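Trainee:
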Amino acid sequence: MHIPDGFISPQTYLPAYAVAAGLWAFAARRVRRDLDADTLPFLAAYTALSFVLMMVALPLPGGTTVHAAGIGLLAVSFGGWMGFLAISLVLAMQALLFGDGGITALPINALAMGLVGSFAALAAWKGLGRFNQSVALFLAGWLSIVLPALLVALALGIQPLIAHDAQGAPLFFPFSMNITLPAVVLPHLLVGLAEGVLTVLGYRYLTRLREKLAA
Amino acid sequence: MTEMRYRIVGADAPPMLQLVDVQHRYGGKVEVLRDVSLTLHAGEKSVLLGCNGSGKSTLLKILNGLIAPTAGRVIYQNEEITPARLKAPALHRRFRGEVALLFQNPDAMLFNPTVFDEIAFGPRQLGVPDIEARVHHWAEQVGVGAHLTRPPFALSGGEKQKVCLAALLVLEPKVLLLDEPTASLDPRSTGWLIDFLASLPVTTLTTTHNLSLAPELGNRALVLGEDHHLIYDGPIQALLGDMEKLTAANLVHTHRHRHGNIEHQHTHVHDWQ
Amino acid sequence: MNRDRAALFAYLAAVLAASWLHDPVWLAAGLAVTLLAAGGAASSLLRRSVLTVLAFNSVISLSYAALAWMQHIMPWETLLRINLRVVLLTSLTFLFIARVNLFRALDFSQNLTYALGLAYSQALTFRRAHEDFRLALASRSLKRPRLIDRYRASAAAAAWFIEKALHAATQSAQALRSRGFFHD
Numbered sequence: 031m032h033i034p035d036g037f038i039s040p041q042t043y044l045p046a047y048a049v050a051a052g053l054w055a056f057a058a059r060r061v062r063r064d065l066d067a068d069t070l071p072f073l074a075a076y077t078a079l080s081f082v083l084m085m086v087a088l089p090l091p092g093g094t095t096v097h098a099a100g101i102g103l104l105a106v107s108f109g110g111w112m113g114f115l116a117i118s119l120v121l122a123m124q125a126l127l128f129g130d131g132g133i134t135a136l137p138i139n140a141l142a143m144g145l146v147g148s149f150a151a152l153a154a155w156k157g158l159g160r161f162n163q164s165v166a167l168f169l170a171g172w173l174s175i176v177l178p179a180l181l182v183a184l185a186l187g188i189q190p191l192i193a194h195d196a197q198g199a200p201l202f203f204p205f206s207m208n209i210t211l212p213a214v215v216l217p218h219l220l221v222g223l224a225e226g227v228l229t230v231l232g233y234r235y236l237t238r239l240r241e242k243l244a245a
Numbered sequence: 002m003t004e005m006r007y008r009i010v011g012a013d014a015p016p017m018l019q020l021v022d023v024q025h026r027y028g029g030k031v032e033v034l035r036d037v038s039l040t041l042h043a044g045e046k047s048v049l050l051g052c053n054g055s056g057k058s059t060l061l062k063i064l065n066g067l068i069a070p071t072a073g074r075v076i077y078q079n080e081e082i083t084p085a086r087l088k089a090p091a092l093h094r095r096f097r098g099e100v101a102l103l104f105q106n107p108d109a110m111l112f113n114p115t116v117f118d119e120i121a122f123g124p125r126q127l128g129v130p131d132i133e134a135r136v137h138h139w140a141e142q143v144g145v146g147a148h149l150t151r152p153p154f155a156l157s158g159g160e161k162q163k164v165c166l167a168a169l170l171v172l173e174p175k176v177l178l179l180d181e182p183t184a185s186l187d188p189r190s191t192g193w194l195i196d197f198l199a200s201l202p203v204t205t206l207t208t209t210h211n212l213s214l215a216p217e218l219g220n221r222a223l224v225l226g227e228d229h230h231l232i233y234d235g236p237i238q239a240l241l242g243d244m245e246k247l248t249a250a251n252l253v254h255t256h257r258h259r260h261g262n263i264e265h266q267h268t269h270v271h272d273w274q
Numbered sequence: 011m012n013r014d015r016a017a018l019f020a021y022l023a024a025v026l027a028a029s030w031l032h033d034p035v036w037l038a039a040g041l042a043v044t045l046l047a048a049g050g051a052a053s054s055l056l057r058r059s060v061l062t063v064l065a066f067n068s069v070i071s072l073s074y075a076a077l078a079w080m081q082h083i084m085p086w087e088t089l090l091r092i093n094l095r096v097v098l099l100t101s102l103t104f105l106f107i108a109r110v111n112l113f114r115a116l117d118f119s120q121n122l123t124y125a126l127g128l129a130y131s132q133a134l135t136f137r138r139a140h141e142d143f144r145l146a147l148a149s150r151s152l153k154r155p156r157l158i159d160r161y162r163a164s165a166a167a168a169a170w171f172i173e174k175a176l177h178a179a180t181q182s183a184q185a186l187r188s189r190g191f192f193h194d
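Which chain is which? The protein sequence lines are A, B and C, in order. Converting from the first sequence to the numbering used here requires adding 30 to each position, the first position being numbered 1. Converting from the second sequence to the numbering used here requires adding 1 to each position, the first position being numbered 1. Converting from the third sequence to the numbering used here requires adding 10 to each position, the first position being numbered 1.
Listed below in structure tokens is the structure:
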């Protein structure tokens with residue numbers, strides 16, 4: 031969901047920044063409480079991890095390839111608040127260090143992918159994990175893609191409504207929800223399936239790896 | 002099972018893999034290789050030397066057709082290798098089966114559920130018969146026969162590398178490119194690898210920055226200098242006597258030496274890794 | 011207030027300003043000022059910005075033009091406005107990255123600088139490793155790998171990165187402790 035800067039209005043991103051900033055402060059306190067002195071190295075490591083997981087390619091039947099996000103895997107393995115912080119840092123890195131842009135879309139992506147994505151995945155895992163691990167993981171992965179896509183589609187879709195000129199012409203993203211919802215959410219329903227598979231396989235792999243390290 | 006025959010090495014040996022006037026800039030800006038031309042002949046065992054960061058890995062990846070050089074050509078047995086030409090299934094299958102690359106990080110190559118599946122991956126793609134026999138043969142050859150049902154990541158570093166080797170050799174390649182294969186091996190495994198590679202009648206090009214191991218890995222040396230040129234291409238024994246070249250390539254160092262009460266300084270290498 | 015932090019504020023102010031300019035003339039002027047500030051690198055900056063946003067913006071622009079045609083409205087001012095704004099913001103960001111040391115700009119918080127710096131250097135290492143995973147599969151495949159093989163390769167890579175990240179985190183925590191970073 032790499033939207034270049036210029037498609038989100040300040041009426042959207044400024045309040046989003048305010049909300050995100052408050053939640054970042056809260057998350058930092060929560061994470062430090064759980065990890066204390068080790069917080070920073072682990073946060074940095076998970077940020078780098080999140081960054082690279084977003085590069086991992088997932089081929090879809092039919093020939094296209096989408097990119098993974100690893101949000102579900104990260105949240106299930108290390109917790110929701112850590113996931114939120116790590117993904118927010120990744121977005122900041124991409125915007126201000128790697129030149130992928132997105133400083134104005136950052137708070138929206140951070141809240142959608144980092145917050146909602148992580149906690150939805152966690153909820154699926156905790157809720158269904160007792161019954162069937164693979165289903166829980168698959169759903170965690172799927173939700174971590176689809177719900178953020180929904181939120182981003184909403185955020186984009188309201189732009190023409192809240193930011194237009196006197197004649198009604200859009201100032202930022204030009205399409206409203208009746209277009210953005212299907213255009214963004216539908217493809218991500220499919221991407222979510224790929225992410226779900228990756229979450230299941232990745233978690234399985236990770237568990238065996240940890241067993242091997244502990245042995 | 003086809004038997005790999007020794008080929009005659011020397012001026013009569015047919016050229017297998019060549020680079021012609023290769024230049025490479027990483028990302029279009031950072032120079033990695035400059036005016037590199039080399040020819041690997043059938044059955045030859047060569048060593049690619051150079052300090053860290055001199056571009057050895059990149060050179061191997063270019064030889065393996067994984068990276069297209071910014072300029073210059075890659076030729077395999079008179080066939081030009083480019084990304085476009087590799088799209089042809091027949092050439093792709095032949096080249097990938099006959100020219101194998103052992104990556105420096107064995108983890109990067111392993112992804113199958115069991116060691117058996119890992120070694121069987123290539124043959125299964127080829128659709129050859131008697132896969133089981135082949136896999137068992139090569140697993141025994143490298144010494145991982147006891148681990149066939151285990152997942153690759155459960156193995157030690159040295160064992161993983163053996164699995165990678167078996168997975169490459171099961172396809173009976175003609176050229177084997179090895180990127181710093183001894184870098185993370187313990188001395189016993191290093192000894193095993195040296196003997197094993199010497200026993201294979203395959204053209205090999207091995208990179209290393211360990212000068213004392215180099216003569217064990219081949220009798221021809223190619224040296225990549227810090228300026229990204231090939232500053233030497235010839236018999237390895239002659240190179241080892243040429244202190245000037247070795248210093249220029251940052252392969253030897255100078256520091257104060259202490260022997261008992263005497264302290265002096267001269268250019269040298271250490272005989273350990 | 012060091013030079014880099016001042017530059018960071020200037021950049022953020024410029025982004026805000028560009029978000030409130032809606033007249034294509036003003037947006038074009040802003041872009042011109044940005045390119046002027048880039049000096050000799052102006053043409054490559056512009057080229058990079060345009061190439062970065064080209065794919066996404068083309069899709070949006072063409073779709074909008076089609077929509078506008080169907081609704082019998084003129085899309086030109088809107089298209090000009092949106093595209094100019096996107097290129098302006100992207101150029102501002104590229105200029106910022108090229109000129110400003112983010113770590114110095116953020117040095118009011120040791121924690122933030124540390125977390126970002128370590129994450130960045132690890133991210134670079136991971137990016138190189140990721141390339142190796144991709145190339146290794148290509149190198150070993152005699153024909154196009156099956157879907158399940160590509161998933162297995164991706165999962166193996168993902169798990170490898172997780173393990174390395176865990177290991178790196180433990181190591182840096184120990185290193186920091188030994189250097190007295192933590193006052194515990």
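All C-beta atoms in this analysis are idealised placements derived from N, C-alpha and C, irrespective of residue type, glycine included. Just so we're clear, the structure is a prediction, and the values are computed from it rather than from any experiment.
Is there a Cβ of chain B sitting closer than 7 Å to that of W79 of chain C, yes or no?
Mentor: Using a CB distance cut-off of 7 Å, W79 of chain C does not count as an interface residue toward chain B.
Trainee: Starting from G123 of chain B, follow the alpha helix (DSSP H) in both directions and report where the run begins and ends.
Mentor: V116 to L127
Trainee: List the DSSP bridge partners of T208 of chain B.
Mentor: B:L49
Trainee: Rounded to whole angstroms, what is the Cα-Cα separation between G190 of chain C and L134 of chain C?
Mentor: 26 Å
Trainee: Reducing DSSP to helix, strand and coil, say where L73 of chain B ends up.
Mentor: As written in the sequence, residue 73 of chain B is Gly, which differs from the Leu given in the question. Note: G73 of chain B maps to strand in three-state DSSP.
Trainee: Counting along the chain, where does the alpha helix (DSSP H) carrying H138 of chain B start and finish?
Mentor: I132 to V143
Trainee: For chain A, find out if any of its Cβ atoms is closer than 7 Å to the Cβ of F113 of chain C; answer yes or no.
Mentor: no
Trainee: Under 7 Å, Cβ to Cβ, is there at least one residue of chain C near E4 of chain B?
Mentor: Residue confidence for E4 of chain B is low, a pLDDT of 40 falling below 50, so the modelled location carries little weight and cannot support an answer.
Trainee: Look at the Cβ atom of A193 of chain A, then the Cβ atom of L201 of chain A, and state whether they are nearer than 7 Å.
Mentor: In contact: A193 of chain A and L201 of chain A (Cβ atoms closer than 7 Å).
Trainee: Taking only beta carbons into account, state which residues of the stretch 16 to 27 of chain B come closer than 7 Å to chain C, listed in chain order.
Mentor: Nothing from the stretch 16 to 27 of chain B brings a Cβ to less than 7 Å from some Cβ of chain C.
Trainee: When you compare only the Cα positions, how much space is there between A169 of chain C and Y233 of chain A?
Mentor: 8 Å
Trainee: With DSSP as the reference, identify every bridge partner of Q78 of chain B, one or two as the case may be.
Mentor: According to DSSP, Q78 of chain B bridges with nothing at all.
Trainee: Answer with buried or exposed for A72 of chain B, where buried requires no fewer than 16 other C-beta atoms within 10 angstroms of its C-beta.
Mentor: Per the 10 Å Cβ criterion, exposed.
Trainee: Could you give the residue range of the beta strand (DSSP E) that holds E173 of chain B?
Mentor: First-last for E173 of chain B: undefined, no H or E at that position.
Trainee: Apply the 10 Å Cβ neighbour rule to N262 of chain B and answer buried if 16 or more other Cβ atoms are within range, or exposed otherwise.
Mentor: exposed
Trainee: Just to confirm the assignment, what range does the alpha helix (DSSP H) spanning Q120 of chain C have?
Mentor: Q120 to R150
Trainee: Using alpha carbons as the reference points, say which of C:S164, C:T103 and C:Y74 lies closest to T62 of chain C.
Mentor: Of C:S164, C:T103 and C:Y74, the smallest CA-CA separation from T62 of chain C is found for C:T103.
Trainee: Is it true that the stretch 224 to 233 of chain B meets the stretch 63 to 79 of chain B, where meeting means three or more beta-carbon pairs spaced less than 8 Å apart?
Mentor: no
Trainee: Can you say whether H82 of chain C is buried or exposed, counting buried as having 16 or more other CB atoms within 10 angstroms of its CB?
Mentor: Residue burial annotation: H82 of chain C is exposed, with fewer than 16 other C-beta atoms found within 10 angstroms of its C-beta.
Trainee: So what does DSSP say about Q24 of chain B, is it helix, strand or coil?
Mentor: In the structure shown, Q24 of chain B sits in a strand (DSSP, three-state: E or B).
Trainee: Looking only at C-alpha atoms, which of B:A215, B:V33, B:A168 and B:P153 sits nearest to T191 of chain B?
Mentor: B:A215
Trainee: Kindly indicate which three-state DSSP category L111 of chain B falls into: helix, strand or coil?
Mentor: Here L111 of chain B carries a coil assignment [DSSP, helix/strand/coil].
Trainee: Within the 7 Å Cβ cut-off, does Q132 of chain C reach chain A?
Mentor: With respect to chain A, the C-beta atom of Q132 of chain C has a partner C-beta closer than 7 Å.
Trainee: Where does R62 of chain A sit, in a helix, a strand or coil, going by DSSP?
Mentor: Collapsing the DSSP output to three states places R62 of chain A in a helix.
Trainee: With 7 Å as the threshold, decide whether the Cβ of I172 of chain C is near any Cβ in chain A.
Mentor: yes
Trainee: Just to confirm, are V221 of chain A and V106 of chain A a CB contact at a threshold of 7 Å?
Mentor: no
Trainee: I believe S149 of chain C touches L102 of chain B by the beta-carbon criterion, under 8 Å. Please report the beta-carbon distance rounded to the nearest angstrom.
Mentor: 5 Å
Trainee: For V25 of chain C, return the contacting residues in chain A, with the cut-off set at a CB-CB distance below 7 Å.
Mentor: I133 and T134
Trainee: Just confirm the distance between the C-beta atoms of A47 of chain C and L105 of chain C, as a whole number of angstroms; I'd bet it's less than 8 Å.
Mentor: 6 Å
Trainee: Sort A:L104, A:G113, A:A224 and A:P34 by Cα distance to V61 of chain A and report the nearest one.
Mentor: Relative to the Cα of V61 of chain A, the nearest Cα in the group A:L104, A:G113, A:A224 and A:P34 belongs to A:G113.
Trainee: Taking C-alpha atoms, which residue in B:G44, B:E245 and B:R94 lies nearest to R7 of chain C?
Mentor: Residue 7 of chain C lies beyond the stretch modelled for chain C, which goes from 11 to 194, so this question has no answer here.
Trainee: Would D35 of chain A and L99 of chain C be called neighbours here (beta carbons separated by less than 7 Å)?
Mentor: yes
Trainee: Counting only beta-carbon atoms, is Y235 of chain A nearer than 7 Å to chain C?
Mentor: yes
Trainee: In or out: Q184 of chain C buried (at least 16 other Cβ within 10 Å) or exposed?
Mentor: Under the 10 Å beta carbon count, Q184 of chain C is surrounded by fewer than 16 other beta carbons and is classified as exposed.
Trainee: Along the stretch 68 to 101 of chain A, what residues have a CB closer than 8 Å to any CB found in chain C?
Mentor: D68, L70, P71, F72, L73, A74, A75, Y76, T77, A78, L79, F81, V82, L83, M85, V86, A87, L88, P89, P91, A98 and G100
Trainee: Quick one: what's got a C-beta closer than 6 Å to L247 of chain A's C-beta in the same chain, skipping five residues either side?
Mentor: This structure gives no information on residue 247 of chain A, because the portion of chain A shown stretches from 31 to 245.
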